[in-house]
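Residue numbers (this note's numbering): 15 to 56.
Contents: one structure, followed by commentary.
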């Protein structure tokens, strides 16, 4: 598992995927307590 991505990382991911006509549905990461969290870009 990875740490929560920063705002710039999310922008870069969305820009890169959009330029390739892809769409990010969800991104899983672990928080500081080891809990699995889901970032949803709806």
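Glycine residues also receive a C-beta, built at the ideal position from the N, C-alpha and C atoms.
Quick caveat: nothing in here was measured; it's all calculated off a predicted structure.
query = If you draw a straight line from the alpha carbon of residue 26 to that of residue 37, how long is it in whole angstroms?
reply = 13 Å
message = Which of the three DSSP states is assigned to residue 23 in this structure?
response = helix
message = For a test of the three-state rule: what should DSSP assign to residue 32, helix, strand or coil?
response = helix
Three-state secondary structure (DSSP) of residue 40 = strand
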